[in-house]
Structures are given as C-alpha cells and as structure tokens.
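Some notes on the structure that comes next.
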Amino acid sequence: MKVEAWMNQLRRQLQRANYAYYLQDDPIMQDEVYDRLYRELQALEEKYPDLVTPDSPTQRVGGGVAEGFVSVKHNIPLYSLENAFDLGELAQWVARLQGQVGDDETVEYVCELKIDGNALALTYEDGVLVRGVTRGDGETGEDITNNVRTIRAIPLRLAMENPPARVEVRGEAFLPRQRFEKINQMRQEKGESLFANPRNATSGTLRQFDPKVVAQRQLDFFAYTLYVVDENAETPTTQAESLELLAEMGFQVNPQREVCQSLKTVGEFFETWEKKRASLLYDTDGVVVKINSYALQEKLGFTQKFPRWAIALKFPAEEVPTKLRAITINV
Ligand SMILES: NC(=O)c1cc2c(=O)c3cc(F)ccc3oc2nc1N
C-alpha cells in the first residue's frame, strides 16, 4: 500500500479510537495499541513532512506562541439569548410566539441545558476544521483556531464519508468543575491568581497565546447549532435533527435534552434540572428553550439582538451558603 494511503488509514483508525474513547466512553483500542499507531504516524510524518494533513491527530497542539489574535467577521452572526427568569415570563414568551405563528400551528420545543461556558464558532470546509472563533460581539470575534484545535471534544475532521462543502458549528467550550478545581489548585501551588469560576477559567484559557497551555487545561465542548452551507447536501429541518447530525459528525452533544410538546413539559424539564443540576459535572445557568421546526424559526426570525424562536430560562441564582449568611448577620 502506498505510504500516503497507509498514513491516511492510520489517521482514520486513530480518529475513530479517539471518538470512541473520548465521546462514547467506550474504548475500541487498548492504550498501548493507540500509542504505537500514533508513534508510527508521527515517524512517517517526520519522514514525509509534505504528507502531514491538518486533521492529523498529531496536529492538535501546534502553531507556536501567538503574538495576538486576529479579529475576524463571523460567517453567520452569533446572537445572544433573551432571558426569562421564571415560568410566568416563559408563558408570556410562548403566548407571544403563538400569536406570531397563528393558533393553528402546534409549536414543538426543544429544551437543552444552558452550559455556563464560552460560545465558539467553528468552520469546517470539506469536512476539515479550518477556523475557530470566539463569540466576541456576535458580529466579529477573535481567531483562536490553534487553541480550539487542542480541545479533544472538537473533531479536526467530520466523521462522515461525504462531508458538505462548508459546515458552521456553534457550541459552548467549558471546564468541568473538577478540572476547574484542579487548575486552581495547581495555580495556588505556583502562587498564581485563582480563576473565580469555570466560565472565567474557560475564557482565560481560550485567550492564552500558547496552545500548549490551552492543551494542558483540557477544555471540553458541547455542540448545539449546525448550519450546512452546501446547496446539494441534506440539511436538517429541526433542531432535534441538527443535534443528532452533530453527534454523527463526531461532536459531543449534551444528552440532557428533550423535545417538549407543551409549556407544561417545558416547565417539568426546567424543574427537574433545577433540582438535579448539582449532580452534573459542569455548571449550567438555565435551560435554553427553542422552537424545534426550522421553518417556524425562519418565519419568526430575529430582533436586533435575539432570535425570537429561542429563550434562556434561567435557574435562580445559587443560594448563598448558610454559614456565610450567618457570618453576615453576626457582623
Ligand atoms: N450555552 C448553551 O448551552 C447554549 C447557548 C445557546 C445560544 O447562545 C444561542 C444563541 C442563539 F442566538 C440561538 C440559539 C442558541 O442556542 C444555544 N443553545 C445552548 N445550548
């Protein structure tokens, strides 16, 4: 077999093993086999440097220390979400929607946990990750591609045979709480300032100039929006389908989601997770409620700042720990 074909085969095998191990928590290959194949690919890439490809697992941490980040315009803007602070406000939002879509339309919702991290905009061309950008002001963000490439939950190549010409993905980079605590513990030992919370630690890490530092922090990522920019590729017609397609493409998609037919079941999803969220390995600050149908999303469109077809239903702010409150009262 030609060496180039062998190197491509090695890459596919390592990517599949990575996906199974990292995203499906179901290893298909012993570590020592993975390491041997990885070293074999590295040796071949050193011997044939012009056969190195950007999606090779060996290319995750590279690019040297950046001088700064270039500001780039998003291909598709990233809007923010309107907030609702209780079920009453959610009911008002639903009533407004129903008014806009007409009473004959039965509206179906998708409820997703709102991950408390930093939004990222990813661009894939012919299935290969070409750009990773911070949210910025929604119109332009900072090109942090070399840092994004170090996030293991973000595929360097989409896991599909015939990828669309271009795919835009949005998702949330975040740090699981345990990882956040470990990072702060290491900073404390080095006498460095501590991060206030996982979200700040995530944004501080994404803007590091050295990808090696980003890689050490082991950021995580959940994808939540997909735009297939390719007229002859099949495109999803609902948010639920998009989430399934994102998982097929090799992204980590948050499993705690539900298609709801009524405000009542949205409320139940919200109340369930308001209670259970402490058991999650990462911070969430609410539930994102979205209209499932893309046709209806299209019909509703956007205001100056928000999509009319999505809202963030926020969890009440964390209770101040009682002992702290007791001290306040004594003072
Ligand atoms: N933090 C999140 O977990 C999360 C955030 C957003 C958004 O910010 C968001 C913004 C839009 F304009 C439209 C849809 C969105 O969907 C989203 N879905 C999510 N799951």
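1 is the number of the first residue of the sequence shown in our numbering; add one for each residue after it.
Think of the CB as a built atom: it goes at the ideal place given N, C-alpha and C, for glycine as much as any other residue.
Item	Value
Can we say the segment 131 to 149 touches the segment 198 to 212, given the rule of at least three CB pairs closer than 8 Å?	yes
For K182, write down the residues that DSSP places opposite it in a beta bridge.	The partner list for K182 (beta bridge, DSSP) is empty, contrary to what the question assumes.
Under 8 Å, do V287 and E112 count as touching if we go by C-beta distance?	yes
Does the Cβ-Cβ distance between I311 and L81 come in under 8 Å?	yes
At a threshold of 7 Å, does E108 count as lining ligand 1 (C-beta to nearest heavy atom)?	no
So, with DSSP's three-state summary, where would you put N83?	strand
Flag L81 as yes when its Cβ comes closer than 7 Å to any non-hydrogen atom of ligand 1, and as no otherwise.	yes
Please confirm whether any heavy atom of ligand 1 lies closer than 7 Å to the CB of Y114.	According to the sequence provided, residue 114 is Lys. The question's Tyr does not apply to it. At least one heavy atom of ligand 1 is nearer than 7 Å to the Cβ of K114, so yes.
Which of the three DSSP states, helix, strand or coil, is assigned to N18?	helix
Anyone know if the C-beta pair for G335 and L90 falls short of 8 Å?	An answer regarding residue 335 cannot be provided, because it is not within the stretch 1 to 331 covered by the chain.
Count the other C-beta atoms from every protein chain shown that fall within 10 angstroms of the C-beta of M1, then say buried if there are 16 or more, exposed otherwise.	exposed
Going by other Cβ atoms of all chains shown within 10 Å of its Cβ, with 16 needed for buried, is T328 buried or exposed?	Note that T328 has pLDDT 47, beneath the 50 cutoff, so the model's placement of it is unreliable and the number below is only indicative. Flag for T328 reads exposed.
Could you check what DSSP says for D220 in three-state terms: helix, strand or coil?	strand
L313 bridges to which residues according to DSSP?	A84, V287
Checking the sheet assignment: what are the DSSP bridge partners for V228?	V167
Indicate, with yes or no, if ligand 1 has a heavy atom lying under 7 Å from the CB of Y48.	no
For L281, count neighbouring Cβ atoms within 10 angstroms of its own Cβ and tell me buried if that reaches 16, exposed if not.	exposed
Count the other C-beta atoms from every protein chain shown that fall within 10 angstroms of the C-beta of P255, then say buried if there are 16 or more, exposed otherwise.	exposed
Return the residue from the list N118, P198, W273, N18 that minimises the CA-CA distance to V33.	N18
For F195, I'd like the list of residues in its chain whose CB is within less than 8 Å of its CB, leaving aside the five on either flank, ordered along the chain.	F180, I183, N184, R187, A201, G204
Taking the C-alpha atoms as reference points, what is the distance between Q216 and L226?	28 Å
Could you give the residue range of the beta strand (DSSP E) that holds G301?	No beta strand (DSSP E) contains G301, which DSSP labels as neither H nor E.
Counting pairs of Cβ atoms below 8 Å between the segment 98 to 112 and the segment 149 to 166, do you hit three or more?	no
How would you label R96, buried or exposed, when you count the other beta carbons within 10 angstroms and need 16 or more for buried?	exposed
What does the alpha-carbon distance come out to for the pair K314 and N83?	7 Å
I'd like to confirm the pairing. Which residues does DSSP put opposite S293 in its beta bridges?	T238
In terms of residues, what are the limits of the alpha helix (DSSP H) holding K275?	263 to 276
Could you tell me whether any Cβ in chain C is nearer than 8 Å to the Cβ of E89?	Going by chain labels, chain C is absent from the structure shown, which holds only one protein chain.
In this structure, what does DSSP give as the bridge partners for K76?	Rather than Lys, the amino acid found at residue 76 in this sequence is Ile. According to DSSP, I76 bridges with nothing at all.
If we count the other Cβ atoms within 10 Å of its Cβ and call it buried at 16 or more, is Q252 buried or exposed?	buried
Could you tell me the alpha carbon to alpha carbon distance between T332 and L14, rounded to whole angstroms?	Residue 332 lies beyond the stretch modelled for the chain, which goes from 1 to 331, so this question has no answer here.
Just the Cα atoms here: how many angstroms apart are L263 and M29?	45 Å
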